[in-house]
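Everything on this sheet refers to the single structure shown next.
Residue numbers (UniProt numbering): 1 to 156.
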């Protein structure tokens, strides 16, 4: 993914005007979902329909097929991480989040998901680190600020 094409959007995430931040967030998600064109988007949509219907294994199969065919498609890895998280398979979700982040280091969604996985497993230091990385990209994301505070309070 060409970082220079999304650089202005990343800067807009830091803008004090909420409307500008929201537009940038939506546009980044659109770019990420459309990285592989109609082909990749079709797979993502089919997997989401299956997930919404509770057909988790079928959704996993669709996403795995997409990942095997397009291993550099960060959003496919992120979507499968979301699926694994919803299934309670946090270690698999962590693995997929890490690949998504390796492919797209500014993927605030994958960083947030990584933090959620670590927090659920009681690995609060790792969770805080992931939420801080997400917050560096999206500094106005109140959810990450709140989760950092919650995880900090749980450190013993």
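Glycine included, C-beta positions come from ideal geometry on N, C-alpha and C.
About 4 Å separates the Cβ atoms of residue 12 and residue 24, confirming a contact at the 8 Å cut-off.
Residue nearest to residue 109 within the set 46, 15 and 85 is 85 (criterion: CA-CA distance). Counting the other Cβ atoms within 10 Å of the Cβ of residue 26 gives fewer than 16, which makes it exposed. Membership of residue 78 in the alpha helix (DSSP H) is indicated by the continuous run 74-87. Under the DSSP assignment, residue 146 falls in the alpha helix (DSSP H) whose first and last residues are 142-154. Residue 146 is classed as exposed because its beta carbon has fewer than 16 other beta carbons within 10 Å across all chains shown. One Cα belongs to residue 117, the other to residue 70, and the distance between them is close to 25 Å. Nearest neighbour of residue 81 by Cα position, chosen from 40, 114, 38 and 106, turns out to be 114.
Ranking 88, 96, 73 and 111 by CA distance to the CA of residue 37 puts 73 first.
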